[in-house]
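The structure appears right after this line, and notes come after that.
Protein chains: 2
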Amino acid sequence: MQRTQFGAMACSIARTLDVIGEPWSPLILRDVYAGTNRFEQLQRSLGMSRKVLAERLSWLVTQGVLARREYSARPLRHEYILTDKGTELCDLLLVMVRWGDRWTAGEAGPPVLYRHHACGEIGHVELRCSECEQPMHATDIDLLPGPGASTATAVSGSG
Amino acid sequence: MQRTQFGAMACSIARTLDVIGEPWSPLILRDVYAGTNRFEQLQRSLGMSRKVLAERLSWLVTQGVLARREYSARPLRHEYILTDKGTELCDLLLVMVRWGDRWTAGEAGPPVLYRHHACGEIGHVELRCSECEQPMHATDIDLLPGPGASTATAVSGSG
DNA sequence: CTCCGTCAGTTCCTTAAGGGAACGGATTAG
DNA sequence: CTAATCCGTTCCCTTAAGGAACTGACGGAG
Numbered sequence: 000m001q002r003t004q005f006g007a008m009a010c011s012i013a014r015t016l017d018v019i020g021e022p023w024s025p026l027i028l029r030d031v032y033a034g035t036n037r038f039e040q041l042q043r044s045l046g047m048s049r050k051v052l053a054e055r056l057s058w059l060v061t062q063g064v065l066a067r068r069e070y071s072a073r074p075l076r077h078e079y080i081l082t083d084k085g086t087e088l089c090d091l092l093l094v095m096v097r098w099g100d101r102w103t104a105g106e107a108g109p110p111v112l113y114r115h116h117a118c119g120e121i122g123h124v125e126l127r128c129s130e131c132e133q134p135m136h137a138t139d140i141d142l143l144p145g146p147g148a149s150t151a152t153a154v155s156g157s158g
Numbered sequence: 000m001q002r003t004q005f006g007a008m009a010c011s012i013a014r015t016l017d018v019i020g021e022p023w024s025p026l027i028l029r030d031v032y033a034g035t036n037r038f039e040q041l042q043r044s045l046g047m048s049r050k051v052l053a054e055r056l057s058w059l060v061t062q063g064v065l066a067r068r069e070y071s072a073r074p075l076r077h078e079y080i081l082t083d084k085g086t087e088l089c090d091l092l093l094v095m096v097r098w099g100d101r102w103t104a105g106e107a108g109p110p111v112l113y114r115h116h117a118c119g120e121i122g123h124v125e126l127r128c129s130e131c132e133q134p135m136h137a138t139d140i141d142l143l144p145g146p147g148a149s150t151a152t153a154v155s156g157s158g
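If you read the sequences in order, they're chains A and B. Okay, so the first sequence: first residue is 0 according to numbering that gives the first Met the number 0, each after it adds one. Okay, so the second sequence: first residue is 0 according to numbering that gives the first Met the number 0, each after it adds one.
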């Protein structure tokens with residue numbers, strides 16, 4: 000399909016997409032987070048092509064989102080676990096869940112509920128500002144050029 | 000490519016991916032949010048195929064994420080604007096930005112800075128619990144089956 | 001009126017990526 | 001020896017993305 004590489008763009012959204020933007024990748028992350036750590040389990044759970052699953056796992060490992068851990072020496076077997084980088088990526092999943100629950104769940108309601116350890120309540124994520132702790136959404140901010148704005152590192156990208 | 004349909008799955012992540020999971024879609028959303036509202040502008044800004052851009056825009060409109068607004072009657076011209084559904088989807092972009100800034104920006108630093116209207120500071124989004132306002136991440140929660148858990152509505156999906 | 005330019009797509013062809021099934025090697029169980 | 005499990009890899013087919021050319025409505029210059 001000769002797909003455009005997003006990784007070279009001077010945009011954190013594009014670069015994040017370069018890591019988990021391929022089809023199936025977020026669902027693989029979801030399953031690994033939920034405790035489905037092995038190739039065979041993942042393939043059955045997701046119902047996806049083994050070929051593509053192998054490609055995605057390999058990519059996520061090279062990107063440092065997942066790590067391979069040996070769980071059996073003979074026969075040699077590995078399972079996939081989240082790194083810190085991958086665990087933080089799960090924030091993205093929580094926000095996707097929130098939006099999906101609100102806009103796509105319909106009358107049936109959310110398929111999964113989330114109980115927060117800190118308070119024990121069923122809740123969902125909300126976005127807050129790191130500085131003032133007040134709600135922070137796309138309509139609450141101004142965009143300013145940052146230090147990495149299409150200089151040095153990011154060549155041959157768009158803008 | 001005969002891609003698997005995620006929309007039928009009983010999973011809010013999969014259903015969100017069904018809406019904006021295609022290549023380029025999040026970047027289109029980003030550009031429209033940032034004020035690039037017209038076909039020609041988008042195509043130039045993104046450097047993507049006109050064919051795929053037309054497909055994506057059409058899809059995002061049918062999904063209610065974008066709306067077409069007439070800005071010229073003769074010649075008849077439309078521009079694309081965010082709906083409420085689309086505006087809330089931008090939360091996802093903010094979280095992608097945060098992760099991308101932390102893990103992919105490198106020494107150059109973030110390409111874009113975000114100034115919060117409420118406090119005037121340069122900040123980033125943090126995830127908080129809707130119930131107790133404390134930090135809420137993937138490691139802070141338990142998953143429980145919800146009302147929409149692979150019953151009625153969601154047939155022929157995985158699980 | 002004709003020619004040029006702009007804008008918003010559409011059509012066509014080539015190339016590459018996903019689906020799916022079969023195959024491979026290593027090992028254990030019966 | 002045969003069957004089963006686990007983790008991939010290889011194969012072919014279909015479909016989606018890239019890219020350039022084309023359409024069609026209009027406006028302006030000459």
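Ideal Cβ placement from N, Cα and C applies to all residues, glycine included.
How many angstroms separate the CA atom of Thr86 of chain B from the CA atom of Ala9 of chain A?
-> Rounded to whole angstroms, the separation of the alpha carbons of Ala9 of chain A and Thr86 of chain B is 23 Å.
Just mark Ala53 of chain B as buried or exposed, buried being the case when its beta carbon has 16 or more other beta carbons within 10 Å.
-> Exposed, because fewer than 16 other Cβ atoms sit within 10 Å of the Cβ of Ala53 of chain B.
Determine the DSSP secondary structure at Ile12 of chain B, reduced to helix, strand or coil.
-> helix
Which first and last residues belong to the beta strand (DSSP E) in which Leu81 of chain A is found?
-> Arg76 to Leu81
Could you name each continuous beta strand (DSSP E) segment of 3 residues or more that falls completely within the stretch 86-121 of chain A, going from the start of the chain to the end?
-> With a minimum length of 3 residues, the continuous beta strand (DSSP E) runs that stay inside the stretch 86-121 of chain A are 111-115.
Inter-stretch contact at 8 Å, needing at least 3 Cβ pairs: the stretch 29-46 of chain B / the stretch 115-129 of chain A | no
Residue(s) in a DSSP beta bridge with Arg71 of chain A | The question names Arg, but residue 71 of chain A in the sequence shown is Ser. According to DSSP, residue pairing for Ser71 of chain A in a beta bridge involves A:Arg76.
Beta-carbon separation of Cys89 of chain B and Gln133 of chain A under 8 Å?
-> no
So Glu125 of chain B is in the beta strand (DSSP E); what residue range does that whole segment cover?
-> Val124 to Cys128
For chain A, find out if any of its Cβ atoms is closer than 8 Å to the Cβ of Asp141 of chain B; answer yes or no.
-> yes
Could you tell me whether the Cβ of Lys50 of chain A comes closer than 8 Å to any Cβ of chain B?
-> no
First through last residue of the beta strand (DSSP E) which encompasses Asp139 of chain B = Run containing Asp139 of chain B: none; DSSP gives neither H nor E here.
Would you verify that the beta carbon of Ile80 of chain B is, or is not, closer than 8 Å to some beta carbon of chain A?
-> no
Go through its chain and collect everything with a Cβ distance to Asn36 of chain B's Cβ below 7 Å, but skip five positions before and after it.
-> Glu78, Tyr79 and Ile80
Can you list the residues of chain B that Pro74 of chain A reaches, using a CB-CB cut of under 9 Å?
-> Neighbours of Pro74 of chain A on chain B: none; closest Cβ ~28 Å, over 9 Å.
Gly108 of chain A versus Leu91 of chain A: straight-line alpha-carbon distance, rounded | Cα to Cα, Gly108 of chain A sits roughly 21 Å from Leu91 of chain A.
Going straight from the alpha carbon of Trp23 of chain B to that of Ala72 of chain A, what length do you get?
-> 42 Å
Which value, in whole angstroms, describes the spacing of the CA atoms of Arg14 of chain B and Arg76 of chain B?
-> 31 Å
What number of angstroms, rounded off, separates the C-alpha of Glu130 of chain A from the C-alpha of Leu112 of chain B?
-> 13 Å
Kindly identify the DSSP beta-bridge partner or partners of Pro25 of chain B.
-> DSSP lists no partner for Pro25 of chain B.
Identified DSSP bridge partners for Ala66 of chain A | A:Ile80
Kindly say whether Ala9 of chain B, judged by its beta-carbon, lies nearer than 8 Å to any beta-carbon of chain A.
-> yes
If you draw a straight line from the alpha carbon of Arg55 of chain A to that of Asp139 of chain B, how long is it in whole angstroms?
-> 27 Å
Supposed contact pair Met95 of chain B and Ile12 of chain A - C-beta distance, whole angstroms, cut 8 Å | 5 Å
Should Asp141 of chain A go down as buried or exposed, given a rule of 16 or more other Cβ atoms within 10 Å for buried?
-> exposed
Which whole-angstrom value describes the C-beta separation of Lys165 of chain A and Trp102 of chain B, a residue pair presumed to lie in contact below a C-beta threshold of 8 Å?
-> Chain A is shown only over 0 to 158; residue 165 of chain A falls outside these bounds and no answer can be derived.
Beta-carbon proximity check, Val18 of chain A vs Val60 of chain A, cutoff 8 Å = no
Measure the CB-CB distance between Pro110 of chain A and Gly147 of chain B and report whether it falls below 8 Å.
-> yes
Flag Ser149 of chain B as yes if its beta-carbon sits less than 8 Å from any beta-carbon of chain A, otherwise no.
-> yes
By Cβ distance, which residues of its chain are closer than 7 Å to His49 of chain B, with the 5 residues on each side in sequence left out?
-> It should be noted that the sequence gives Arg, not His, for residue 49 of chain B. So the qualifying residues of the chain are Gln42.
Span of the alpha helix (DSSP H) holding Arg49 of chain A?
-> Arg49 to Thr61
Using 10 angstroms around the beta-carbon of Arg161 of chain A, count the other beta-carbons present and answer buried if the total reaches 16, otherwise exposed.
-> In the structure displayed, chain A extends from 0 to 158; residue 161 of chain A sits before or after that span and is not available.
Inter-residue Cα distance where the pair is Ala33 of chain A and Arg97 of chain A | Take the alpha-carbon of Ala33 of chain A and the one of Arg97 of chain A: they are about 17 Å apart.
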